[in-house]
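Each remark here refers to the structure printed beneath this line.
Chains as they are written, first to last, in the numbering used here: chain F, 1 to 115; chain W, 1 to 114.
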C-alpha cells in the first residue's frame with residue numbers, strides 16, 4: 001500500500017458528461033501529480049500541485065482541470081468527455097516539489113470508461 | 001525536454017535466471033534522477049529503484065540493480081533470480097529537477113516462464 005488513496009476505482013460514464021476524480025496524498029506529502037495512462041499514449045503527465053498551488057503542467061486538455069485543497073487532497077475534473085478520454089488516471093504524491101529527485105508514490109488509479 | 005526510450009516491448013525470461021531491461025534517456029539537465037517502476041496486471045505502479053545522476057555507485061535494491069552508464073545515457077534494470085511474480089510491465093522514468101515530475105518510457109512487458 002503506497003498510502004495514496006484514489007476514488008473511485010472505476011467510473012463508467014457517457015460522452016459529454018463531467019466527472020471528478022479524487023486523490024488523497026500520503027501523510028506529509030505536499031506535492032500531488034496527475035497522470036493519464038492509455039494504450040496509445042502511454043503514461044502522460046497532466047499536472048502537478050505543490051502545497052495548493054499549480055507547479056507544472058503537462059499534456060492536459062483545456063477540458064480538464066485540477067485543484068489541490070488546503071487539506072492537500074486533490075481533484076481532477078474532466079468535462080465534455082469523449083471516447084478517447086477513456087484511460088487509467090493515476091494520482092501520485094511526493095514530499096517536495098522542486099529541486100529534488102524524489103520518488104513518486106502512486107495510487108491504484110481510477111479506470112475511466114467513456115461510452 | 002526529457003525523453004525515455006525503452007526499446008523492448010516484450011521479453012521472456014526463464015524462472016531463476018537474470019534479465020536486463022533496457023532504458024536510454026535524453027536530457028539537457030546536469031542533475032536528474034532515474035527511476036524504475038513495476039506495474040503488475042492489477043494496475044498499481046510500484047517503485048523499484050532510483051539512481052541519481054551524480055551517484056558514483058550503481059543503485060541496488062534486493063534483486064534489483066541499476067546499470068547506470070552516464071556517458072551512454074543508459075539506465076538498464078537488472079533483475080536477478082527472476083520469479084513468476086516478476087511478470088509485469090516495467091517503466092523507466094527520468095525526474096525533472098525543476099518540478100520533480102517524472103517522464104516515463106513506453107514500458108517493457110516482462111514474462112517469466114516456469
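C-beta: ideal position from N, C-alpha, C; glycine also.
It should be emphasised that the depicted structure is a prediction, and the values quoted were computed from it without experimental measurement.
Identified DSSP bridge partners for residue i
| i | result |
| --- | --- |
| residue 56 of chain F | F:48 |
| residue 74 of chain W | W:24, W:69 |
| residue 132 of chain F | Nothing can be reported for residue 132 of chain F, as the shown portion of chain F is limited to 1 through 115. |
| residue 89 of chain F | F:36, F:110 |
| residue 1 of chain W | According to DSSP, residue 1 of chain W bridges with nothing at all. |
| residue 13 of chain W | W:112 |
For residue i, three-class secondary structure by DSSP
| i | result |
| --- | --- |
| residue 86 of chain W | helix |
| residue 62 of chain W | coil |
| residue 26 of chain W | strand |
| residue 43 of chain W | coil |
| residue 72 of chain F | coil |
| residue 21 of chain W | strand |
| residue 42 of chain F | strand |
| residue 107 of chain F | coil |
| residue 48 of chain W | strand |
| residue 30 of chain F | coil |
| residue 107 of chain W | coil |
| residue 84 of chain F | helix |
| residue 101 of chain W | coil |
Nearest to residue i (by Cα), restricted to the options the options
| i | options | result |
| --- | --- | --- |
| residue 95 of chain W | W:66, W:76, W:26 | W:26 |
| residue 42 of chain F | W:20, W:34, W:9 | W:9 |
| residue 64 of chain F | F:70, F:89, F:51 | F:89 |
| residue 106 of chain F | W:6, W:51, W:43, W:33 | W:43 |
| residue 112 of chain W | W:61, W:106, W:89, W:93 | W:89 |
| residue 102 of chain F | W:81, W:47, W:79, W:67 | W:47 |
Environment of residue i [buried if 16+ CB atoms lie within 10 Å]
| i | result |
| --- | --- |
| residue 25 of chain F | buried |
| residue 72 of chain W | exposed |
| residue 45 of chain F | buried |
| residue 6 of chain F | buried |
| residue 30 of chain W | exposed |
| residue 92 of chain F | buried |
| residue 115 of chain F | exposed |
| residue 7 of chain W | exposed |
| residue 77 of chain F | exposed |
| residue 38 of chain W | buried |
Is there contact between the region 7-27 of chain W and the region 54-67 of chain F, where contact requires at least three CB pairs shorter than 8 Å?
-> no
At a cut of 8 Å, does the region 56-68 of chain W reach the region 71-85 of chain F through at least three beta carbon pairs?
-> no
Counting pairs of beta carbons, one from the region 44-59 of chain F and one from the region 27-34 of chain F, are three or more of them closer than 8 Å?
-> yes
Decide if the region 74-87 of chain W is in contact with the region 9-20 of chain F; the criterion is three or more beta carbon pairs, one per stretch, under 8 Å apart.
-> no
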